[in-house]
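Encoded as structure tokens, the structure appears first; notes follow it.
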Amino acid sequence: MALPHAQPLDVITLGPLGSAPGGAVSTSLLKTDRLQLLHLVLPARRDVPQHQVDDECTVHCLAGDVEVQMPSATRRLGPGQLIVLPASQPYSLSARVDSTVLMTLLLHHGDAGDKGGRSVGGDGGSR
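Taking this note's numbering, the leading residue of the sequence shown gets 97, the next gets one more, and so forth.
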């Protein structure tokens with residue numbers, strides 16, 4: 097069963113997380129042939145394993161404290177801060193406290209990049 101997504105021109109509300117993620121879950125908010133918005137709920141001290149997408153993507157911290165770890169550097173994001181990741185840049189995410197992130201992915205025919213999101217060294221696993 098496909099996830100329900102917002103449609104272009106729909107208003108999407110990203111409310112505050114509150115004191116803890118509780119029952120909040122990560123969701124794909126919008127997906128078109130060219131764009132996907134992911135709302136990630138990251139509990140404290142739970143990492144998102146290293147992976148990459150073929151094209152640029154943004155990681156926007158909405159709440160909390162998130163580290164974006166890349167082979168060449170680590171960037172720490174607080175609420176309202178974002179980073180643009182270069183194409184094919186391996187990265188992982190680590191929430192220091194309960195956090196939420198908005199990721200924006202460029203898509204080609206419904207997939208993140210020409211080959212889809214994939215784990216670094218993996219065989220095509222996606223987010």
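Heads up, the beta-carbon is just placed ideally off N, CA and C, and yes, glycines get one too.
Residues bridged to E152 [DSSP beta-bridge criterion]: The count along the sequence shown starts at 1 and reaches residue 152 at position 56. According to DSSP, which records beta bridges pairwise, E152 is partnered with nothing at all.
L189 versus V155 - alpha carbon distance: Numbered from 1 along the sequence shown, position 93 holds the residue referred to as residue 189. Numbered from 1 along the sequence shown, position 59 holds the residue referred to as residue 155. Rounded to the nearest angstrom, the two C-alpha atoms are 9 Å apart.
Q103 in three-state terms, based on DSSP: Here the question's residue 103 lines up with position 7 in the sequence shown. Judged by DSSP in its simplified three-state form, Q103 adopts coil rather than helix or strand.
C-beta atoms of A191 and L138 nearer than 9 Å: Taking the first residue of the sequence shown as 1, we reach residue 191 at position 95. Taking the first residue of the sequence shown as 1, we reach residue 138 at position 42. In this structure, L138 lies closer than 9 Å to A191 by Cβ.
Environment of L105 [buried if 16+ CB atoms lie within 10 Å]: Within the sequence shown, residue 105 is the residue found at index 9, counting from 1. Under this definition L105 is an exposed residue.
Rounded distance between the beta-carbons of P145 and A159, thought under 8 Å: Stepping through the sequence shown from its first residue, residue 159 is reached at position 63. Stepping through the sequence shown from its first residue, residue 145 is reached at position 49. Their Cβ separation, rounded to whole angstroms, is 22 Å, which puts A159 and P145 out of contact at 8 Å.
Inter-residue CB distance, L181 and C153 (contact presumed, cutoff 8 Å): Indexing the sequence shown from 1 puts residue 181 at position 85. Indexing the sequence shown from 1 puts residue 153 at position 57. About 5 Å separates the CB atoms of L181 and C153; that is less than 8 Å, so the two are in contact.
Cα-Cα separation, E163 to V197: Against the sequence shown, residue 163 aligns to sequence position 67. Against the sequence shown, residue 197 aligns to sequence position 101. Those two C-alpha atoms are separated by around 11 Å.
Closest Cα partner of D161 within the set D150, A120, P167, L173: By 1-based counting over the sequence shown, the position of residue 161 is 65. Looking at the Cα atoms, L173 is the closest of the given residues.
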